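Numbered according to my numbering, the sequence shown spans residues 1185 to 1360.
Think of the CB as a built atom: it goes at the ideal place given N, C-alpha and C, for glycine as much as any other residue.
Quick caveat, the model's predicted, so the values are computed rather than measured.
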Amino acid sequence: MKKIGTLILSVILFVACTGDTGPPGPQGPNGINILGSVFEVTVNFTPQNNYSALIDFPQEIEVFESDVVLVYRLENVIPDSTGPIDVWSLLPRTFYLDNGSQVAYNFNNTFLDVELFLEGNTNFSNLDTFYTLDQTFRIAVLPADFASNPDLDLHDIEQVIQSLEMQQDNFSIQKL
């Protein structure tokens, strides 16, 4: 009798747990939590700031120690019939000067800020202002899972931004 009772109870539970499945939940990007942000800054590298600039992350951008920070320099703006096209290069970026010396844009970061700086084997005070004044950078903060995607070319800022736009509803580039 015990066996029949157990069998009946099992059938009741099985039937009670079956039925129409509910609507599917939202589809995520393979379990990756995307909270990336991109913002722009324009700085001058001068003797007064020791050819460096310390940029605090905006308050609305939460940066974790595990996040990946990438910095891109605006190299050129190409005119086009649809509007200007920005050309960006991932740092570090080295330029070889006519006199045989070199100058490089580089950065380091914490989860609080990014330091942009010039380095090289030249006298920075003799550099053309092309290298020192009104330098625009895009700073991208990416979750480590997102940045480790082998299909993502981190050298291409447009691909990074397009990937973030597909993953975020309210993506925007902030200009500081």
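Whole-angstrom C-beta distance between residue j and residue i, which should lie under 8 Å
i, j, result
"Leu-1311", "Val-1287", "6 Å"
"Ser-1285", "Thr-1313", "17 Å between Cβ atoms; not a contact."
"Asp-1251", "Ala-1328", "6 Å"
Straight-line gap, residue i to residue j (C-alpha atoms, nearest Å)
i, j, result
"Thr-1320", "Glu-1224", "7 Å"
"Leu-1274", "Val-1261", "16 Å"
"Ile-1245", "Arg-1322", "14 Å"
"Gly-1220", "Ala-1324", "7 Å"
"Asn-1290", "Tyr-1280", "15 Å"
"Asp-1282", "Val-1222", "34 Å"
"Val-1271", "Arg-1277", "13 Å"
"Glu-1342", "Tyr-1256", "11 Å"
Collapsed DSSP secondary structure at residue i in the structure displayed
i, result
"Tyr-1280", "strand"
"Tyr-1235", "coil"
"Thr-1320", "strand"
"Asn-1307", "coil"
"Thr-1230", "coil"
"Phe-1223", "strand"
"Phe-1314", "helix"
"Gly-1215", "Low confidence applies to Gly-1215: its pLDDT is 46, below 50, so where it sits in the model is not reliable enough to give any reading."
"Gly-1209", "Low confidence applies here, because Gly-1209 scores a pLDDT of 46, under 50, leaving its location unreliable and the question unanswered by this model."
"Asp-1340", "coil"
Residues of its chain near residue i, where Cβ-Cβ distance is below 6 Å and the 5 sequence neighbours each way are ignored
i, result
"Asn-1293", "Val-1253"
"Ile-1269", "Ile-1262"
"Thr-1316", "Phe-1229"
"Val-1247", "Phe-1241, Phe-1295 and Val-1325"
One or two residues paired with residue i in a DSSP bridge
i, result
"Glu-1246", "Answer by DSSP bridge pairing: none, since Glu-1246 is not bridged."
"Ser-1273", "Arg-1257"
"Asp-1297", "Asp-1240"
Contact set for residue i: own chain, Cβ-Cβ below 8 Å, skip 5 residues either direction
i, result
"Ser-1236", "Phe-1229, Glu-1299, Leu-1300, Phe-1301 and Leu-1302"
"Thr-1226", "Asp-1318, Gln-1319, Thr-1320 and Phe-1321"
"Lys-1266", "According to the sequence shown, residue 1266 is Thr rather than Lys. Cβ neighbours of Thr-1266 beyond the five flanking positions: none."
7 Å Cβ shell around residue i - same chain, five flanking residues per side excluded
i, result
"Ala-1240", "It should be noted that the sequence gives Asp, not Ala, for residue 1240. Cβ within range, chain order: Leu-1296 and Asp-1297."
"Pro-1231", "Ser-1309"
"Glu-1249", "Phe-1295"
"Leu-1238", "Asp-1297 and Glu-1299"
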